[in-house]
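A.B. asks:
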Amino acid sequence: MYSFITRKLKYFIILLFGLINASTAFSAVVPQIEHQSKESFLEEFFGEEEYSWNILKLDQELKDKANKILTHRFGASRIRYWASKDKTVWIIDELGKEMPITMAVGVSNNTIIDFKILVYREERGGEVHNVYFRKRIIGSKLSDDGLSKDVDGITGATISVTACKRVAELALTFHEQIF
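What follows is the structure in structure tokens.
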């Protein structure tokens with residue numbers, strides 16, 4: 028009887044350690060790096076200005092524009108944004124290679140004045156959160172071809188760079204609807 032209980036306990040402990048190892052293995056496969064919280068970005072962007080959140084409802088024409096910019100269907104019929112005077116902040120998830128990248132875009136006078144990766148979930152291409160890349164997007168406006176600035180790629184981060192450019196263009200398009 029005692030050996031039966033001991034054997035069951037051993038199997039239970041082995042199973043428990045196996046599950047713990049499996050869960051840590053899966054969490055290592057999909058990294059999630061939070062570079063900045065939404066709240067922190069909003070405070071940094073607006074500073075002492077009062078701001079509030081609102082909802083932009085997308086009519087069919089705006090949905091079509093969003094679909095064209097993203098090169099896939101934009102699933103939402105409305106999107107939340109934060110605004111103060113002539114500034115807006117858009118927090119948008121866009122698919123990288125396999126996982127969504129959460130980006131914050133600060134716009135004023137139809138120009139991107141801040142751009143940050145809030146959460147990055149891919150194994151590769153994380154360089155898009157670095158200042159040297161973000162400076163390539165900051166200062167962009169809408170042009171007939173997308174963004175007014177030429178945003179160079181990063182070796183090994185082509186898909187992430189493309190996602191960033193699309194979100195930047197989308198945020199500018201949405202901002203135009205507000206102001």
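Count along the sequence shown starting at 1, add 27, and that's the number in the numbering used here. Where is the CB? At the ideal position from N, CA and C, for every residue including glycine.
Count the other CB atoms within 10 Å of the CB of V134; is the residue buried (16 or more) or exposed (fewer)?
C.D. replies: When all chains shown are included, V134 counts as buried.
A.B. asks: Closer than 7 Å by C-beta to E154: which residues in its own chain qualify, once you throw out the five before and the five after it? Chain order, please.
C.D. replies: The residues are F160, I181, A184.
A.B. asks: Might you give, ordered along the chain, the residues of its own chain that have their beta carbon closer than 8 Å to the beta carbon of E77, omitting 5 neighbours on each side?
C.D. replies: Taken in chain order, the residues that qualify are S111.
A.B. asks: Excluding the 5 residues flanking S259 on each side, which residues of the same chain have their C-beta closer than 7 Å to its C-beta?
C.D. replies: The shown model of the chain, from 28 to 206, leaves out residue 259, and the question about it has no answer.
A.B. asks: Roughly how many whole angstroms lie between the Cα atoms of D91 and L199?
C.D. replies: Cα-Cα distance, rounded: 15 Å.
A.B. asks: Determine the direct distance from the alpha carbon of I144 to that of Q59, and round the result to whole angstroms.
C.D. replies: Taking the straight line joining both Cα atoms gives about 12 Å.
A.B. asks: One question on the structure: do V178 and R163 come within less than 7 Å of each other, judged by their Cβ atoms?
C.D. replies: Taking 7 Å as the Cβ cut-off, V178 and R163 qualify as a contacting pair.
A.B. asks: Could you spell out the range, first to last residue, of the alpha helix (DSSP H) harbouring N94?
C.D. replies: Start and end: 87-97.
A.B. asks: Taking only the alpha-carbon atoms, compute the straight-line gap between Q63 and E125 and give it to the nearest angstrom.
C.D. replies: Approximately 21 Å, taken between the alpha carbons.
A.B. asks: Buried or exposed: H99, going by 16 or more other Cβ atoms within 10 Å of its Cβ?
C.D. replies: That one is exposed.
A.B. asks: Can you check whether the CB of I165 is closer than 7 Å to the CB of I139?
C.D. replies: For I139 and I165, yes; Cβs fall inside 7 Å.
A.B. asks: Given a cut-off of 7 Å, decide if L97 and F201 are closer than it, judged by their beta-carbon atoms.
C.D. replies: No, the Cβ-Cβ distance between F201 and L97 is not below 7 Å.
A.B. asks: Any idea if K37 is buried or exposed, counting beta-carbon neighbours within 10 angstroms, 16 or more meaning buried?
C.D. replies: Result: exposed.
A.B. asks: Would you mind giving the Cβ-Cβ distance between E203 and L174, rounded to the nearest angstrom? I have them listed as a contact below 8 Å.
C.D. replies: With 8 Å as the limit, E203 and L174 do not qualify as a contact, their Cβ atoms being about 14 Å apart.
A.B. asks: Going by beta carbon distance, what residues of the same chain come within less than 8 Å of A103, once the five residues before and after it are set aside?
C.D. replies: Correct list, in chain order: L85.
A.B. asks: Express the C-alpha separation of D141 and V132 in angstroms, rounding to a whole number.
C.D. replies: One C-alpha to the other measures close to 6 Å.
A.B. asks: Starting from the C-beta of I106, find all residues in its chain whose C-beta is less than 6 Å away, skip the five residues before and the five after it, and write them out in chain order.
C.D. replies: Counting only Cβ-Cβ distances below 6 Å, and skipping sequence neighbours, we find L83.
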